[in-house]
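Below is one structure, written out as structure tokens, with a few remarks after it.
Residue numbers (this note's numbering): 344 to 577.
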């Protein structure tokens, strides 16, 4: 499964999960699960509304986690799972296959009406390497998924450096100054990496540290698009 460009309505159909089976390809599973969790999050947004941001964030985290956890248990019962929204089981350290998920990346943006820079991350770590990744952007009606992602278009004359909208690192300003670039603030890490993949930005700089679930799926997608990824020290 390559880059998926789907109308937003398709994110509302979680029944598509009924067609998934344990024998399906890992890439297909990751893309379908990320998309389905995104659909559930759109439903939760509509059901809960934006009046109570904390309640919406909590419902979103719980709803997407429940969907992903139950489906991974059904489809990949022998694999370990590391999730932002579940207790970490140290037994995963001895497993050769670990799913790394962030059911809702960008909870702040998810709880703000009109914002689309939030995401669902689903990745698979196999024998010490990132093997599979999917980043769903439900607010944009789009899922980016391995094994092959379309490369971004050529960069414009003035580069765009995407940064955290709440904690932009000083290093990003230095990079922007050195490149005569402009800063583009966004929310979710998945949304920021996707902005580079889709050609809406050219560089993503972050120095504040991340957990595995923040970066695994976005890095897998970026690499599949032929982009360079590394720690800030190279």
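Even glycine gets a Cβ: it sits at the ideal position worked out from N, Cα and C. Please read all numbers here as calculations on a predicted model, not as lab measurements.
query, result
"With residue 464 as the anchor, note down where its beta strand (DSSP E) starts and where it stops.", "462-469"
"Can you name the residues that DSSP bridges to residue 476?", "466"
"With a floor of 3 residues, list each beta strand (DSSP E) that falls wholly inside the region 508-552, ordered by position along the chain.", "525-529"
"Quick check on residue 554: buried or exposed, where buried means 16 or more other Cβ atoms within 10 Å of its Cβ?", "exposed"
"Going by other Cβ atoms of all chains shown within 10 Å of its Cβ, with 16 needed for buried, is residue 494 buried or exposed?", "exposed"
"Do residue 515 and residue 492 count as a contact pair if the criterion is CB distance below 7 Å?", "no"
"Classify residue 575: buried if its beta carbon has 16 or more other beta carbons within 10 angstroms, exposed otherwise.", "exposed"
"Please report the distance separating the alpha-carbon of residue 525 from that of residue 506.", "10 Å"
"Applying the criterion that 16 or more other CB atoms from any shown protein chain within 10 Å of the CB defines a buried residue, is residue 414 buried or exposed?", "buried"
"Per DSSP, what kind of secondary structure is residue 572 in: helix, strand or coil?", "coil"
"What does the alpha-carbon distance come out to for the pair residue 352 and residue 484?", "At residue 352 the pLDDT is 44, less than 50, meaning the model places this residue with poor confidence; the figure from the coordinates comes in the next sentence. Their Cα atoms are separated by approximately 8 Å."
"Going by Cα to Cα distance, which pick from 498, 390, 393 is closest to residue 540?", "498"
"Taking only three categories from DSSP, how would you classify residue 410?", "helix"
"Strictly by DSSP, which residues pair up with residue 442?", "424, 467"
"Are the beta-carbon atoms belonging to residue 572 and residue 565 less than 7 Å from one another?", "yes"
"From the DSSP output, which residues share a beta bridge with residue 506?", "528"
"On a Cα-Cα basis, can you pick out the residue from 530, 523, 502, 496 that is closest to residue 511?", "530"
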